[in-house]
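According to our numbering, the sequence shown is numbered sequentially starting from 2. Everything on this sheet refers to the single structure shown next.
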Amino acid sequence: MSRKVKMRIWRGDVKGGEFKDVSVDANEGEVVLDVIHRVQGTQMPDLAVRWNCKAGKCGSCSMEINGKPRLACMTRMNSFAEDETITVTPLRAFPVIRDLVTDVSFNYKKAMEVPAFEGPTDLKPGEYRMQQVDVERSQEFRKCIECFLCQDTCHVIRDHEENKKSFAGPRFFIRIAELDMHPLDRLRNRKQKAQEEHGLGMCNITKCCTEVCPEHIKITDNAIIPMKERVVDVKYDPVRWLGSKIRKREGIN
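So, in structure tokens, the structure goes:
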């Protein structure tokens, strides 16, 4: 069974744009991405939208639906009232390329700033051994599909363009937390680097990133807050502070 729905779709590019109102059919069981494709096929053949898997696993179809960052392929049409107008816009925190497509290259630049895993020098690849409990500790963070919804909703980035130079954002805090928990990683000062180089202290724990995560990763509670606590522990413990100064002087990470 189908019904008519009203959509307001933002059209434009970096120079500016406007909303276009459309009325389109929506069938039972469909998601927002299905309806956007129908608009492409019947009314706006040049509408730009990024998508790939249509299964909530690639993170490509990130956009803002009624003001909330969401995956279009995971937002069901029956979650809206029948007379509700569905407003679709590009991610607000990133520059628009065209229509619903944004330039998210900021995130890839930040990814390159996070040092990679450094394995033990006395073991060859394939010889690494870990306890199951250590594997499970960071398993949650590896669920990230890099949809960047958390980056988009984070007000430190969203409302303050100038912060992008010094703030990595929640997606990369969970990456740093994952590596910091790895028992075989040789780079032992990741949490300090998160504070000093990636802006961990700028996060004020609103938990908005956790609320929009399609993988239900507890970004704030399980990654950001524990790292903040460990950073403070090191900074204000006199013995650990002295030890860190000695290690830094000796060139030990």
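Even for Gly, the Cβ is constructed at its ideal location relative to N, Cα and C.
Hey, how far is the Cα of residue i from the Cα of residue j?
i      : j      : result
ALA73  : LYS219 : 21 Å
PRO117 : ASP14  : It is Ala, not Pro, that sits at residue 117 in the sequence shown. If you take the alpha carbons of ALA117 and ASP14, they lie about 35 Å apart.
LYS7   : THR90  : 14 Å
PRO126 : GLN132 : 17 Å
GLY42  : GLY68  : 25 Å
PRO239 : ARG159 : 37 Å
THR221 : LYS208 : 6 Å
MET182 : SER106 : 27 Å
TYR109 : PRO121 : 27 Å
ILE206 : THR103 : 26 Å
GLU197 : ARG51  : 35 Å
I'd like the span of the beta strand (DSSP E) that includes residue i, first residue to last.
i     : result
ILE87 : 86-90
MET8  : 3-14
Tell me whether residue i sits in a helix, a strand or coil according to DSSP, three-state version.
i      : result
PHE174 : helix
ASN242 : It is Trp, not Asn, that sits at residue 242 in the sequence shown. The answer is helix: DSSP assigns TRP242 an H, G or I state.
LYS58  : coil
ARG250 : helix
ARG138 : helix
ARG77  : strand
ALA112 : helix
ILE146 : coil
GLU128 : coil
PRO227 : helix
ASP47  : coil
CYS151 : helix
ALA53  : A small correction: the amino acid at residue 53 is Asn; Ala does not occupy that position in the sequence shown. Of the three classes helix, strand and coil, the one that applies to ASN53 here is coil, per DSSP.
GLU83  : coil
Name the one or two DSSP bridge partners that residue i has.
i      : result
PRO70  : GLU65
THR103 : VAL97
Residue i lies in the alpha helix (DSSP H); which residues open and close that run?
i      : result
VAL36  : 33-43
ALA27  : Unbroken run through ALA27 is the beta strand (DSSP E), 17-28; no alpha helix (DSSP H).
LYS219 : LYS219 -> no alpha helix (DSSP H), and no H or E assigned at all.
CYS210 : 209-213
ASP186 : Here ASP186 belongs to no alpha helix (DSSP H), and DSSP marks it neither H nor E.
HIS199 : Unbroken run through HIS199: none, as it is neither H nor E.
THR122 : Segment: none, THR122 is in no alpha helix (DSSP H) and carries neither H nor E.
ILE158 : 156-159
Of all the CB atoms in chain C, is at least one closer than 8 Å to the CB of residue i?
i      : result
GLN196 : Checking the listed chains, one finds no chain C in this structure; it contains a single protein chain.
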